[in-house]
Amino acid sequence: MKDTELCSIEAEQGILGAILIKPSIVAHVSSLIRPEDFYRPAHRDTFEIMQHMALEGASIDIVNLAERLRKVGKLDAVGGIPFITHLGNVEATTAGVDGYCETVRAYSRRRRIAEIARQIMEGANDMKKDIAAMENELQDALMEEAEQFGEHKSVYDAQALVFALQDDIDRRARGEKSGVKTGLLSIDSHIGCMEAGNLVILAGRPSHGKSALACTIAINAARAGKRILWFTLEMDAVETARRIVSNLSGVDNEKFKSPDLRAMTEEERGMYIQGYEQLARLRLYVSEITNQTPLDIWRTAQRIKAAGGLDLVIIDYIGLMSAGSQKRENRTQEVSFITRTLKNMAGSLKVPVLALSQLNRANDKEGRMPRLSDLRDSGSIEQDANIVMLIHRDSHLAEDGTLAYENTATLDIAKVRDGRTGSVKLDFTPACSAFDDHEE
Numbered sequence: 001m002k003d004t005e006l007c008s009i010e011a012e013q014g015i016l017g018a019i020l021i022k023p024s025i026v027a028h029v030s031s032l033i034r035p036e037d038f039y040r041p042a043h044r045d046t047f048e049i050m051q052h053m054a055l056e057g058a059s060i061d062i063v064n065l066a067e068r069l070r071k072v073g074k075l076d077a078v079g080g081i082p083f084i085t086h087l088g089n090v091e092a093t094t095a096g097v098d099g100y101c102e103t104v105r106a107y108s109r110r111r112r113i114a115e116i117a118r119q120i121m122e123g124a125n126d127m128k129k130d131i132a133a134m135e136n137e138l139q140d141a142l143m144e145e146a147e148q149f150g151e152h153k154s155v156y157d158a159q160a161l162v163f164a165l166q167d168d169i170d171r172r173a174r175g176e177k178s179g180v181k182t183g184l185l186s187i188d189s190h191i192g193c194m195e196a197g198n199l200v201i202l203a204g205r206p207s208h209g210k211s212a213l214a215c216t217i218a219i220n221a222a223r224a225g226k227r228i229l230w231f232t233l234e235m236d237a238v239e240t241a242r243r244i245v246s247n248l249s250g251v252d253n254e255k256f257k258s259p260d261l262r263a264m265t266e267e268e269r270g271m272y273i274q275g276y277e278q279l280a281r282l283r284l285y286v287s288e289i290t291n292q293t294p295l296d297i298w299r300t301a302q303r304i305k306a307a308g309g310l311d312l313v314i315i316d317y318i319g320l321m322s323a324g325s326q327k328r329e330n331r332t333q334e335v336s337f338i339t340r341t342l343k344n345m346a347g348s349l350k351v352p353v354l355a356l357s358q359l360n361r362a363n364d365k366e367g368r369m370p371r372l373s374d375l376r377d378s379g380s381i382e383q384d385a386n387i388v389m390l391i392h393r394d395s396h397l398a399e400d401g402t403l404a405y406e407n408t409a410t411l412d413i414a415k416v417r418d419g420r421t422g423s424v425k426l427d428f429t430p431a432c433s434a435f436d437d438h439e440e
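By the numbering used here, the letter at position 9 of the sequence shown is numbered 9, and the numbering carries on one by one without gaps.
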């Protein structure tokens, strides 16, 4: 397929025509596409001029647009007055501008992918080139494409910053939220919400409730109408479903394992059925594949988002992820690669990513709260994260010599880039994998 087929001239002109109809949408359009996403240079130049005019507060109409293009010496290059007049007559609607932008952006990405494919084919035909090296190049190129040519902008000039800020203000004024709340008021009062593009780390030692808290957050978000993708690298899908229904119903997870649910009372069976029905209504997706790479997760998330939208990705947990072909000298460097890629994924997909991290059990006998410094041996987790939460439950030595954990947890919100740090208490029901705000 030729590059000339990888474009929609109608959609490009639809965007420019819609701006002439309603110039105030320039900021919104600029948050969705970049000038370089336009295939035709004339459309690209015209859009850039419209952006400059919007920033200056100039009226964007056919006469002023033609005059501005003339001043910068581009009027003849774009096609002169007939081209500008044609844009004013394009059958476009402001209501359809999001669709036009989506089409133009998609074709822009397709052209980039076609270029990647061309380069890979050239390499494949070079018998001197190492196959593993080509695989690495392909993976790197696809990640770069998703980061730089996806929905997330990695570099903003001053003009783009103004448009992005204005679009954010407009969205907030309309009551449109770009993040996901945990559903636990004590946490949300500190962090506000898990913002789109954020990497949120939930860290703790084994048996302190990381997975259960992630389960609670996933359920709360799904109940609020959010679409959740949950990678349970440690549990299979059935075990995950059992935990979810236990959380929803309030029935002890262990009773689900008895034949024909015989361990349940009649009342518990009714509660179980209600939990089962609630789960069926949630927009929740679970992936049970182990040893996944960041690229595997990215691809799955992109597929789910394309199929119907995506609001939150949960990964349980980082330590079980593989760097794939991106091998490093040691595991610390691999974890750094993983967390940086997850951060890029969050930005590209415009969703928050909640990733769990397991801390060493060595300090458990001290009974102390984990600290941010405990993460510093785990690559660049702290550096890459927007939010870091550390969970801890006090314990005592049981009669059989094992550690018994309390049912009250302390969550240290140790890092928040746009919020406030602090510690909160949470009540924990281990039998149902459920956390709630603490009640005195």
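Note that the Cβ used here is the ideal one computed from N, Cα and C, for glycine as well. This structure is a prediction, so every number in the text was calculated from the model and none was measured.
In terms of alpha-carbon separation, which member of Ser189, Ile15, Leu32, Val29 lies closest to glycine 422?
Measuring C-alpha to C-alpha distances from glycine 422 to each of Ser189, Ile15, Leu32, Val29 identifies Ser189 as the nearest.
Can you check whether the CB of alanine 54 is closer than 8 Å to the CB of alanine 77?
For alanine 77 and alanine 54, no; Cβs fall outside 8 Å.
With a cut-off of 8 Å on the beta carbons, I'd call isoleucine 457 and threonine 339 a contact; round off their distance for me.
With the chain covering only 1 through 440, there is no way to say anything about residue 457.
Whole angstroms is fine: what's the gap from isoleucine 304's alpha carbon to leucine 310's?
Each residue's Cα considered, the two are about 7 Å apart.
For threonine 442 versus alanine 434, is the C-beta spacing smaller than 8 Å?
Outside the displayed range of the chain (1 to 440) lies residue 442, so it cannot be described from this structure.
Which runs of the beta strand (DSSP E) at least 3 residues long sit entirely within the region 171 to 220? Give them in chain order.
Counting only runs of at least 3 residues, the region 171 to 220 fully encloses the following beta strand (DSSP E) elements, listed from N- to C-terminal order: 199 to 204.
Along the chain, where does the beta strand (DSSP E) that runs through glutamine 358 open and close?
Segment 353 to 358, the beta strand (DSSP E) holding glutamine 358.
Backbone secondary structure at glutamate 492 - three-state DSSP:
For residue 492 there is no data in the structure shown, the boundaries of the chain being 1 and 440.
So, at 7 Å on beta carbons, what are the nonlocal neighbours of glycine 242 in its own chain, with the 5 sequence-adjacent residues on each side left out?
First, the residue type needs correcting, since residue 242 is arginine and not glycine in the sequence shown. Excluding positions up to five away in sequence, the list reads Asn253, Phe256.
Neighbour-count burial assignment, alanine 132, 16 or more Cβ in a 10 Å radius:
An exposed status is given to alanine 132, since fewer than 16 other beta-carbon atoms sit within 10 Å of its beta-carbon.
Is threonine 85 helix, strand or coil by DSSP?
Three-state DSSP puts threonine 85 in a helix.
Compare the beta carbon distance of isoleucine 49 and leucine 69 with 8 Å and say whether it is the shorter of the two.
Cβ distance < 8 Å, so isoleucine 49 and leucine 69 count as in contact.
Opposing strand residues paired with alanine 434 [DSSP bridges]
The partner list for alanine 434 (beta bridge, DSSP) reads Thr429.
Do you know how far the Cα of cysteine 7 is from the Cα of methionine 1?
Here methionine 1 scores only 46 on pLDDT, less than 50, and its place in the model is too uncertain to base an answer on.
Identify whether aspartate 232 lies in helix, strand or coil by the three-state DSSP scheme.
For clarity, residue 232 is threonine in the given sequence; the question names aspartate instead. Looking at threonine 232 - three-state DSSP - the assignment turns out to be strand.
Let's test the definition: count the other Cβ atoms within 10 Å of the Cβ of methionine 121 and tell me whether it reaches 16, buried, or not, exposed.
Exposure of methionine 121 is indicated by the presence of fewer than 16 other C-beta atoms within 10 angstroms of its C-beta.
Helix, strand or coil at methionine 50 [DSSP, three-state]:
Methionine 50: helix per DSSP, three-state reduction.
Here's the rule I'm using: 16 or more other beta-carbon atoms within 10 Å means buried, otherwise exposed. How should lysine 415 be labelled?
Lysine 415 is buried by the Cβ-count criterion.
At a cut-off of 7 Å, would you count isoleucine 314 as near the ligand PLP, judging by its Cβ distance to the nearest heavy atom?
The model depicted lacks the ligand PLP and carries no ligand whatsoever.
Would you decide whether proline 370 is buried or exposed? Buried here means 16 or more other CB atoms lie within 10 Å of its CB.
That one is buried.
Neighbourhood of serine 258 by C-beta distance below 8 Å, restricted to the same chain and skipping five residues each side
Spatial neighbours of serine 258 in its own chain (CB-CB distance under 8 Å, excluding positions within 5 residues in sequence) are listed in chain order as Met264.
Could you have a look at arginine 262 and say whether DSSP puts it in helix, strand or coil?
DSSP places arginine 262 in coil when its eight states are reduced to three.
Three or more C-beta pairs closer than 8 Å, one from the region 313 to 322 and one from the region 210 to 230: is that the case here?
A contact exists between the region 313 to 322 and the region 210 to 230.
Taking only the alpha-carbon atoms, compute the straight-line gap between alanine 114 and cysteine 101 and give it to the nearest angstrom.
Taking the straight line joining both Cα atoms gives about 20 Å.
Using CA coordinates, which residue listed in Ser186, Leu248, Arg171, Leu356 is at the minimum distance from alanine 280?
For alanine 280, the nearest C-alpha among the options comes from Leu248.
Could you work out which residue in Ile201, Thr232, Asp427, Ala218 is closest to alanine 346 when comparing CA atoms only?
With distances taken between Cα atoms, alanine 346 lies closest to Ile201.
Could you check if aspartate 37 is buried or exposed, using at least 16 other CB atoms within 10 Å of its CB as the buried criterion?
So aspartate 37 ends up on the buried side.
Go to aspartate 316, then tell me how far its beta strand (DSSP E) extends in each direction, as first and last residue.
312 to 316 is the span of the beta strand (DSSP E), which, as asked, contains aspartate 316.
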